[in-house]
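In UniProt numbering, the protein residues as written are 1 to 495.
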């Protein structure tokens, strides 16, 4: 399987696309005026402790106060054992938040989830700083190994090497990342030395800096992409900016010289994303409906509470019988769903409504296909068995906004509902508002300002109703169309 990473840089926006076998699988976006803050470490000030929620709001200098739950305040044993790249250290049941924090207290925290929607950033005091091959856990002594490294001999080698190296640099804890598989001890030693320097700077800044200061800021998107996304399968990292290319070359020369030959400057005439069809894929990733090659399709609905995916056979008729048609459609849909979750960066609770299957073995195969297709997802996913209603429930870890919410905003006409009131409905609302206004206030005549479509309906199809209303109220009513008014908007003016 061939894999490439494309880096597209414009003055105020950087985009990174992960291409597998010619198809876009992931898209990461960073805009200069709104960089993500996940991974940043701050010296915060506790703004308000809330015993009822076992949490506190902490001011760290962002637009909104951030949220810190008692579960995310480190009090765990330094000898705890973890296994997995994103595994959290186990903690005992949280003490009452009032015993852990007080209003006005300074506290060092790290952002684990960007502000999403109306919610502030999510914080933890369990600091972790990633490098190419390791994640530093400065408050722990644990040495963990990514669960994706399956070879037991390699796991033992890596753990032994990092344990010995950690003892030379303060005895901190580390998680050994998937990228470390097969790496020599020298490469691990360089990472540990680098992380030790970073942590020393964070500690010094924590002592000297005022509240609401940034103590550590994660790398920019292109550098993070090289650090986190390059795997054995990645053949090239193509960059369309000379300046960014030079920065990446300097970065890999310092921290991962074996990758230098994979970083390539793209200087073609066609925009790099157009060349790989990425722009078209981004446009399709904003649509609710996703066509399948067989003729079936998915319908993806993202709400505040969860994301739902409905699978339909569409025009796919199959060749044998209905059960076989449904099975084939669901197999294709399972692969498509896994790709769409990565591409759209959908997280939280996800409900997949596959087409009903009677054969238990077919259900098992579809579930297995979904899990296998999710295996390359960098975000942590958990998939559950088919429910009694034939639904598959799953979760996907979310740390940043979905692609749609990064690139789109709610429709001003329908406020994100996806539908608007009909002109007939608005017409009768206007009639009710006219009656209400006349009963409350004295006026010789009335002026109604509304959208052209609504006014056209009133003066045409509802002209008789208007005449009857004027006679009933004893008032003259005039209607004025205004292009600035949306279909649901109107004003009744008393003259």
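Quick reminder that beta carbons are idealized off the backbone N, C-alpha and C, glycines included.
Note that this is a predicted model, so its numbers are computed, not measured.
Inter-residue spacing [alpha-carbon to alpha-carbon] between residue i and residue j
i: residue 246; j: residue 261; result: 13 angstroms
i: residue 113; j: residue 154; result: 32 angstroms
i: residue 159; j: residue 175; result: 9 angstroms
i: residue 234; j: residue 281; result: 20 angstroms
i: residue 83; j: residue 122; result: Low confidence applies here, because residue 83 scores a pLDDT of 41, under 50, leaving its location unreliable and the question unanswered by this model.
i: residue 336; j: residue 13; result: 28 angstroms
i: residue 353; j: residue 138; result: 43 angstroms
i: residue 85; j: residue 173; result: Bear in mind that the predicted position of residue 85 carries a pLDDT of just 45, short of 50, making it too unreliable to give a figure here.
i: residue 221; j: residue 208; result: 28 angstroms
i: residue 443; j: residue 494; result: 6 angstroms
i: residue 39; j: residue 61; result: 15 angstroms
i: residue 459; j: residue 478; result: 10 angstroms
i: residue 334; j: residue 117; result: 28 angstroms
i: residue 228; j: residue 293; result: 32 angstroms
i: residue 157; j: residue 143; result: 12 angstroms
i: residue 381; j: residue 466; result: 59 angstroms
i: residue 482; j: residue 452; result: 6 angstroms
i: residue 368; j: residue 456; result: 57 angstroms
i: residue 49; j: residue 100; result: 10 angstroms
i: residue 415; j: residue 200; result: 48 angstroms
i: residue 431; j: residue 413; result: 21 angstroms
i: residue 471; j: residue 427; result: 18 angstroms
i: residue 405; j: residue 193; result: 39 angstroms
i: residue 3; j: residue 29; result: 19 angstroms
Among the options, the one whose alpha carbon lies nearest that of residue i
i: residue 301; options: 343, 351, 336; result: 351
i: residue 170; options: 136, 424, 183; result: 136
i: residue 425; options: 436, 454, 438; result: 454
i: residue 150; options: 325, 225, 179, 492; result: 179
i: residue 283; options: 221, 263, 340, 332; result: 340
i: residue 127; options: 72, 278, 102, 119; result: 72
i: residue 51; options: 7, 197, 97; result: 97
i: residue 313; options: 468, 375, 289; result: 289
i: residue 230; options: 474, 19, 358; result: 19
i: residue 344; options: 26, 162, 273; result: 26
i: residue 384; options: 377, 400, 2, 366; result: 366
i: residue 376; options: 131, 492, 232; result: 232
i: residue 189; options: 471, 199, 163; result: 163
i: residue 304; options: 311, 238, 347, 323; result: 347
i: residue 53; options: 42, 69, 59, 45; result: 69
i: residue 497; options: 105, 28, 74; result: Nothing can be reported for residue 497, as the shown portion of the chain is limited to 1 through 495.
i: residue 450; options: 485, 474, 440, 469; result: 485
i: residue 241; options: 263, 252, 441, 107; result: 263
i: residue 186; options: 177, 161, 74; result: 161
i: residue 388; options: 358, 297, 308, 433; result: 358
Where the beta strand (DSSP E) through residue i begins and ends
i: residue 491; result: 490 to 494
i: residue 362; result: Taken as a continuous stretch (DSSP letters only), residue 362 belongs to no beta strand (DSSP E), being part of the alpha helix (DSSP H) at 360 to 373.
i: residue 106; result: 106 to 113
i: residue 463; result: Note, residue 463: premise wrong, no beta strand (DSSP E); alpha helix (DSSP H) at 463 to 473.
i: residue 497; result: Limits of the chain in this structure are 1 at one end and 495 at the other, which puts residue 497 out of reach.
i: residue 123; result: 122 to 124
i: residue 353; result: 348 to 353
i: residue 4; result: 3 to 10
Residue i, enclosing alpha helix (DSSP H) - first and last residue
i: residue 428; result: 423 to 440
i: residue 161; result: 152 to 167
i: residue 457; result: 452 to 460
i: residue 99; result: 97 to 100
i: residue 136; result: Not the alpha helix (DSSP H): residue 136 falls in the beta strand (DSSP E), residues 134 to 137.
i: residue 404; result: 403 to 407
Where residue i falls, given that 16 or more other Cβ within 10 Å makes a residue buried
i: residue 67; result: buried
i: residue 183; result: buried
i: residue 146; result: buried
i: residue 195; result: buried
i: residue 191; result: buried
i: residue 152; result: exposed
i: residue 77; result: Low confidence applies here, because residue 77 scores a pLDDT of 43, under 50, leaving its location unreliable; read the following figure in that light. Classification for residue 77: exposed.
i: residue 217; result: exposed
i: residue 5; result: buried
i: residue 491; result: exposed
i: residue 329; result: buried
i: residue 8; result: buried
i: residue 119; result: exposed
i: residue 256; result: buried
i: residue 322; result: exposed
i: residue 480; result: exposed
i: residue 402; result: buried
Any non-hydrogen atom of the ligand NAP closer than 6 angstroms to residue i Cβ
i: residue 337; result: Inclusion of the ligand NAP in the displayed structure is not the case, the ligand content being empty and no account of it being possible.
Proximity test, Cβ basis, 7 angstroms: residue i and chain B
i: residue 393; result: Of the protein chains in this structure there is only one, and it is not chain B.
- Query: Considering only residues of the region 255 to 338, which uninterrupted alpha helix (DSSP H) runs meet the minimum length of 4 residues and lie entirely inside it, listed in chain order?
  - Reply: 272 to 275, 278 to 284
- What beta strand (DSSP E) runs, 3 residues minimum, are completely inside the region 176 to 235? 213 to 216
- Residue ranges of each beta strand (DSSP E) run of no fewer than 3 residues wholly in the region 17 to 82, ordered along the chain? 23 to 31, 41 to 50, 55 to 59, 66 to 69
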